[in-house]
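The structure appears below as structure tokens.
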Amino acid sequence: MTGNVEKVTTPRRGWFVQLTQQPRPYFALDGGSGAHLFAALSQQSPHARQVYTPRHADLLVIAEPVSQKLVPALQETARTLARPARVLLIGAPEGRRDHFSGLDIAAIENLFPDAHRVAAITAQAVLEAVLNAEQWPKLLLPQQAEPEPILIQIPHRQEQEIATELVVLSLGPLQPLTAGPLRLFLICDGEQVLSAQVEAGYAHRGIAAAMQQTDWQHALVLARHLDPLAPVASQLAYVQAIEYLQHWQPPEPVANLREAAVAFERAQNHLWWLLRFAQLLADTSLTDRAYDLASTLAEHVASLWRQSPSQWISPQQMIATSIVNDISASTLRQIASRLDALKSAVARNRLLALRTRDIGTLATVRLKEAGVSGPVLQASEQGAGDVQARLLVRLEAASLDVQSASEMLESKERTMAHAANWNVPTGEAHATVEGPRGTIGIHIASSGGEKPVNVQWQRPSAMLLPLLPEILGGQLLADAEVIVASLGLAMAEADG
Amino acid sequence: MNTLITSLLVLAGLLVGVYAIAVLQQLLLLGPRQVGAAFQLPIAQALLLLHQEDVLPAGADFFLFRSAPFIALSVVALTALVLPLGPRLIGFDPSIGLFYFIVLLSPFVVAMMNAGWSQNAKVGLFATFRAAAYLISYEVPFGFAAIGPVMAAQSLSTERIVQSQAGLWYVVWQPLGLLIYLFAALFVTFRHPFDSAMAGSELEGGVFAEYSGPRLLLFKVALDALFLLLMGMGVVLFFGGWQGPFLPAPLWFVLKTFALAALVLWATRFVPRLRPDQILSLSWKILLPASLLNITLVGILTLLLTGGNP
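Chains as they are written, first to last, in this note's numbering: chain A, 892 to 1387; chain B, 3 to 312.
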């Protein structure tokens, strides 16, 4: 958000002939699930260009769901857009959003009655809509929102010889650093960040509470939405927990298929993260390579499954191995070797090291205390624990994941197919799955009835949030952004 | 009447040049497969911005906010006057042409600072401080790098500098000077990787955060035009200006300018955006000593090559 929302000018009338293909500078508003989509969209066409201030945009693209807490920020952004402006919503329309009932999300249609909507969530479909934006009605000035006042604590400091005034720089809640909304208050002394205050919860939907109000089968759909960027991992965690309660162990072919699906998802998450990170640093050559790899892998994985993993990961469900198309193992190996090449190029890149080395270093002990897992912990255990180490660890993990997943899919043992079993006996169970950002855990309790009695999620990004103030204090302003981005936070998952 | 025609010609030339630079940037960004889009996009973007609302943020300094893009553009147009396109093909040829060029660059940065300062927002304020820091740090290396050709040609007149390179381009024996000059040129035009005063994410557009529509377009035109002019001045100082065989002089000048611009734009693709303090360190700790070394070297070489008589 810009610091100054109000304006005293009136909109100007259009007086120029429209070109056949108009460029669209758009401002992306991610409710928590759109990070990969927006990353892909930004590289699709030179005509659709992402801008970082709403003043430069003439289109507001909103990825739903948007939580209630984000609504004031959304209205403020819409007011800041230079006119003429239009709004595009991405997500299923109101009537078809059955699985969202019970969640704490806002109905955006009521805020922007004139907004255009695309239900398909592929970058290609969104791009087509974006490029045809001039046919939609223009955005009217939405009502003024009253954001909640937030108290910011200014740190005390010793009297200095040259008195400087502290500035509170508010970053977000819509910023490109995290996947989803997060607000950071950086208390700056010039270019130096003295301390930081974090305001989270802008992507809170209340997944765990909603799961307790619905039956076991529908809770599966909700589980997928815990981390919309890694739906397979959270779905698998839920399914495994139920299977523990049912005392059922998947046979090896099924376990392999599940593991492969999660590994592909991890690799894709790492690559989309890399693309967003390269965009933040404005490193064009790295951006191009990251996009190339990410889109190739995404395309390949999409054509791999005859049935998407979301449909066959259910308790006790056995699938025939024929759900896997003939995989071209050579293509996957090629992707893995390109990832290795990229990793060594990044490790050797002295210019990139200027922005990534020796900043945001996290000690292993501190991370373990905080319960952090995943690439951030690995970077501290295996490497220097700075931004560069996190970058390299993610690239290596992506390469290993692609390799191991393709090997797991190559073994073609046959299993008998049988349908899911939704009878959950009484008891409590805990299951964990290694997701892209760390260990996703779930604790469920059942009383043998229709619904889960208690659901608790262990969310890897949430563990990192309390570390932010201490890791940002004392950093330079320009570094602070890079550090936050390097943690790869997914706010939908962090806020639950 | 003559002055009017000159100024109109300069402005028209600048606009064509800016369009060409914008196309060049798109070509480098999109690759050879989308040539059509590269030629169409700059015009479409300009039309879009003209079509857009011209926002004045509440509480903004009316005069500074509204005037900043015009100051930027007029400064650029004034500097364009001393660039010789060919023998006697120059808008204005004072004996201190190069000095005039360097002096007029500072008001451009001041216009950028006005833009950031006047918008009544914190990001703009931060960007203003960055722009001010760059203003101080680009000028010294820039001036010292430009002194090399002046010492060799023993003149500040841009035409005279070109003429004295008839035998040998200065880039051959002043490559260090060229390098420092190019760095400083990127500084002053706020171009990637030195664009943190108008950076995308961290300051949300920095000095341009509150500008929209026609005024944003003016700023973009001014920035591209200034980049073009600095590349042109680089050709004048180091690549023998309009001189070359067979082709007419202005064509040589234009060709060399765009070749240099393409080279610089291509090279910056491989660099991430630098931090403000890194930019300042580069300027004061590396470029400034290097430019002093360059002056010493050029002084000795000038004596050796010409015996002190250009």
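Backbone N, C-alpha and C define an ideal beta-carbon position, used for all residues, glycine too.
Could you tell me which chain A residues have their CB closer than 9 Å to the CB of residue i, listed as they occur along the chain?
i, result
"residue 10 of chain B", "Ordered by position in chain A, no residue passes the 9 Å Cβ test against residue 10 of chain B, which lies about 23 Å from the chain."
"residue 280 of chain B", "1245, 1246 and 1369"
"residue 39 of chain B", "912, 936, 937 and 938"
My output table needs one value for residue i: the three-state DSSP class, helix, strand or coil.
i, result
"residue 1301 of chain A", "helix"
"residue 893 of chain A", "Note that residue 893 of chain A scores a pLDDT of 47, beneath 50, so its modelled location is shaky and nothing firm can be said."
"residue 1381 of chain A", "strand"
"residue 935 of chain A", "coil"
"residue 1008 of chain A", "strand"
"residue 1367 of chain A", "strand"
"residue 28 of chain B", "helix"
"residue 38 of chain B", "helix"
"residue 1057 of chain A", "coil"
"residue 953 of chain A", "strand"
"residue 907 of chain A", "Annotation note: pLDDT 42 at residue 907 of chain A (below 50); position unreliable, no value reported."
"residue 929 of chain A", "helix"
"residue 244 of chain B", "coil"
"residue 1345 of chain A", "strand"
"residue 1320 of chain A", "strand"
"residue 1215 of chain A", "strand"
"residue 975 of chain A", "coil"
"residue 981 of chain A", "strand"
Going along chain A in order, which residues have a C-beta closer than 8 Å to the C-beta of residue i?
i, result
"residue 273 of chain B", "1174 and 1242"
"residue 54 of chain B", "903, 949, 973, 974 and 975"
"residue 198 of chain B", "1369"
"residue 27 of chain B", "Neighbours of residue 27 of chain B on chain A: none; closest Cβ ~11 Å, over 8 Å."
Can you tell me whether residue i is buried or exposed? The criterion is at least 16 other CB atoms within 10 Å of its CB, across all chains shown.
i, result
"residue 984 of chain A", "exposed"
"residue 1047 of chain A", "exposed"
"residue 1246 of chain A", "buried"
"residue 214 of chain B", "buried"
"residue 17 of chain B", "exposed"
"residue 1328 of chain A", "buried"
"residue 893 of chain A", "For residue 893 of chain A, the predicted structure reports a pLDDT of 47, less than 50, and the residue's modelled location is therefore unreliable. A value from the coordinates is still provided. With 16 or more other Cβ atoms within 10 Å, it is buried."
"residue 1138 of chain A", "exposed"
"residue 4 of chain B", "exposed"
"residue 1259 of chain A", "exposed"
"residue 1386 of chain A", "buried"
"residue 901 of chain A", "Only weak support is given to the placement of residue 901 of chain A: the predicted model assigns it a pLDDT of 49, under 50, and the value that follows is read from those uncertain coordinates. Its Cβ having fewer than 16 others within 10 Å, residue 901 of chain A is exposed."
"residue 960 of chain A", "buried"
"residue 1088 of chain A", "buried"
"residue 33 of chain B", "exposed"
"residue 1116 of chain A", "buried"
Starting from residue i, find everything on chain B with Cβ-Cβ shorter than 7 Å and list it in chain order.
i, result
"residue 1370 of chain A", "277"
"residue 1058 of chain A", "124"
Run through chain A and tell me which residues come within less than 7 Å of residue i, C-beta to C-beta.
i, result
"residue 167 of chain B", "By Cβ distance, chain A contributes nothing, its closest Cβ being about 33 Å from residue 167 of chain B, past 7 Å."
Can you find a CB in chain A that lies within less than 8 Å of the CB of residue i?
i, result
"residue 50 of chain B", "yes"
"residue 36 of chain B", "yes"
"residue 18 of chain B", "no"
"residue 32 of chain B", "yes"
Taking only beta-carbon atoms, is residue i less than 8 Å away from chain B?
i, result
"residue 937 of chain A", "yes"
"residue 1090 of chain A", "no"
"residue 1285 of chain A", "no"
"residue 1096 of chain A", "no"
"residue 946 of chain A", "yes"
"residue 893 of chain A", "Confidence in residue 893 of chain A is poor, its pLDDT being 47 and thus under 50, which makes the residue's placement unreliable; the coordinate value appears in the next sentence. Judged by the 8 Å Cβ criterion, residue 893 of chain A is in contact with chain B."
So residue i contacts chain B; which residues on that side make the cut at Cβ distance below 9 Å?
i, result
"residue 1350 of chain A", "Result: empty, since nearest Cβ-Cβ is about 25 Å, beyond 9 Å."
Strictly below 8 Å CB to CB, what residues from chain B border residue i?
i, result
"residue 914 of chain A", "43, 46, 47 and 50"
Exercise. What are the residues of the segment 1132-1154 of chain A that lie near chain B, defined by any Cβ-Cβ distance shorter than 8 Å?
Worked result: none
For this session: Below 8 Å between beta carbons is the criterion; list the residues of the segment 210-242 of chain B that meet it against any residue of chain A, in chain order.
Result: 210, 211, 212, 213, 214, 215 and 218
Exercise. Going along the segment 1073-1089 of chain A in order, which residues come within less than 7 Å of chain B, judged by CB to CB distance?
Worked result: 1082
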